[in-house]
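Q:
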Amino acid sequence: MNLIALALMLAATLCWGADQTIGKLAVKRMSVSVFNALRPTFVAPLAIIFAFSTNSLSYPGAFLTAIAILAGVISWCVACELYFYLLKRGAVHKILPIGNSHPVWGVFAAILFLGEEVIFFIFVSAALVIIGAYFLAQKEQETGRWKRMVPLALLVALMWGAVIVLNKFCLNEGVKVGTLLTIEVISAAVACNIVMGIHQIRAGIKLDKKGVWLSFLSGFLGFFIGHVLYLSALGIEKASVLAPINGAVIPFGFLLSILLVRERPSKKAILGMVIVFTGVFLATI
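Position one of the sequence shown corresponds to residue 81 (our numbering), numbered consecutively onward.
(1) Might you give, ordered along the chain, the residues of its own chain that have their beta carbon closer than 7 Å to the beta carbon of residue 233, omitting 5 neighbours on each side?
(2) Once the 5 residues before and after residue 118 are set aside, which same chain residues still bring their CB inside 6 Å of it?
(3) Taking DSSP as the reference, what is the three-state secondary structure of residue 372?
(4) Roughly how many whole angstroms lie between the Cα atoms of residue 307 and residue 164?
(5) Once DSSP output is grouped into helix, strand and coil, what is the label at residue 238?
(6) On the DSSP letters alone, give me the boundaries of the alpha helix (DSSP H) that residue 21 sits inside.
(7) Which residue spans inside the stretch 303-336 form an unbroken alpha helix (DSSP H) run of at least 4?
(8) Considering only the alpha carbon of each residue, which of 90, 187 and 168 lies closest to residue 201?
(9) Would you kindly report the start and end of the unbroken alpha helix (DSSP H) that includes residue 185?
(10) DSSP three-state call for residue 101: helix, strand or coil?
(11) Over the uninterrupted alpha helix (DSSP H) stretch that includes residue 285, give me the two end residues.
(12) Note the first and the last residue of the continuous alpha helix (DSSP H) segment covering residue 350.
(13) Quick check on residue 125: does DSSP put it in helix, strand or coil?
(14) Do the stretch 321-335 and the stretch 140-148 meet, that is, are 3 or more Cβ pairs less than 8 Å apart?
(15) Quick check: the Cα distance between residue 185 and residue 129, rounded to an integer number of angstroms?
(16) Which residue comes first and which comes last in the alpha helix (DSSP H) that contains residue 172?
(17) The alpha helix (DSSP H) with residue 134 in it runs from where to where?
(18) Looking at residue 312: is its Cβ nearer than 8 Å to the Cβ of residue 257?
(19) Below 8 Å on the Cβ atoms is my contact criterion, and I expect residue 194 with residue 248 to pass it. Report the Cβ-Cβ distance as a whole number of Å.
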């Protein structure tokens with residue numbers, strides 16, 4: 081593996097772990113739809129400035145623009161709406177490992193749709209992710225509602241895994257990092273604001289000052305810094321090689337859920353996290 085790509089991906093996963101944990105703190109103070117609308121809206125001007133400053137803003141054509149828009153809407157609107165809905169109602173240390181198992185599904189998608197080489201341990205990895213999810217789903221002091229959240233968290237992982245392939249396809253076709261980032265952020269901002277308008281049309285938009293700042297910090301780390309690092313790595317290494325490195329967000333986020341959110345994972349939850357992370361790690365072999 082290219083060492084520069086590895087360093088970029090590890091830095092990106094640290095940003096994403098912080099982004100999701102900070103997001104948990106934000107959605108405690110405001111609705112999920114408002115939070116998700118604020119993040120890409122804040123970041124859109126930064127993405128445009130980045131694209132102009134790096135001379136990487138250009139029109140890639142109607143088809144590739146449509147693919148980039150689809151990636152932005154799926155990843156940062158549909159998946160994030162569902163993911164932070166689950167985070168608002170569940171523990172970070174349980175939701176985060178399952179939702180961030182997307183690298184495994186990203187490898188499957190890269191093999192199926194990009195024709196990349198089959199990795200021997202990929203099927204073992206998928207099995208370990210499912211087993212780890214089972215341990216994370218074990219009922220302790222939580223209501224039975226939690227078990228119903230597990231397949232939804234896996235659905236988030238599948239969506240994020242599919243977007244890895246969409247991003248790699250765009251980069252392979254010559255779309256520049258700044259262009260891809262700008263299109264995805266703007267499309268996500270538009271979609272998320274539409275969702276917010278629909279959800280809040282009766283109750284009105286309620287903002288919390290600290291929640292707004294947390295939303296900005298979450299978006300800056302996740303949408304801007306993390307995604308710039310990620311797309312830069314994806315531009316110099318294969319998707320099937322990089323996708324599993326995304327799994328580093330699992331231990332990073334798990335640790336941050338303890339340090340920032342003050343959660344206390346059970347032994348079963350720790351075991352589940354380790355199994356999921358092992359599954360993701362094996363996919364790199």
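A virtual CB, placed ideally from N, CA and C, is assigned to each residue, including glycine.
These figures come from a predicted structure and were not determined experimentally.
A: Reading off the structure:
(1) These residues qualify, in order along the chain: 166, 175, 178 and 179.
(2) 295, listed in sequence order.
(3) No answer is possible for residue 372: the residues shown for the chain start at 81 and end at 365.
(4) Those two C-alpha atoms are separated by around 18 Å.
(5) In the three-state reduction of the DSSP assignment, residue 238 falls in the helix class.
(6) The first residue shown for the chain is 81 and the last is 365, placing residue 21 beyond what the model contains.
(7) Taking 4 residues as the minimum length, the alpha helix (DSSP H) runs contained wholly in the stretch 303-336 are 306-314 and 319-322, in order along the chain.
(8) A check of alpha carbon separations from residue 201 across 90, 187 and 168 identifies 187 as the nearest.
(9) Judged by DSSP secondary structure, residue 185 falls within the alpha helix (DSSP H) whose first and last residues are 182-194.
(10) Taken through DSSP and simplified to helix, strand or coil, residue 101 comes out as helix.
(11) From DSSP, residue 285 is part of no alpha helix (DSSP H); its letter is neither H nor E.
(12) Run containing residue 350: 347-362, per the alpha helix (DSSP H) assignment.
(13) The answer is helix: DSSP assigns residue 125 an H, G or I state.
(14) No, the stretch 321-335 is not in contact with the stretch 140-148.
(15) Residue 185 and residue 129: Cα-Cα distance of roughly 33 Å.
(16) Judged by DSSP secondary structure, residue 172 falls within the alpha helix (DSSP H) whose first and last residues are 172-179.
(17) Counting along the chain, residue 134 falls outside any alpha helix (DSSP H), and DSSP gives it neither H nor E.
(18) Yes, these two residues count as a Cβ contact at 8 Å.
(19) In this structure, residue 194 and residue 248 form a Cβ contact; the two beta carbons are roughly 6 Å apart against a cut-off of 8 Å.
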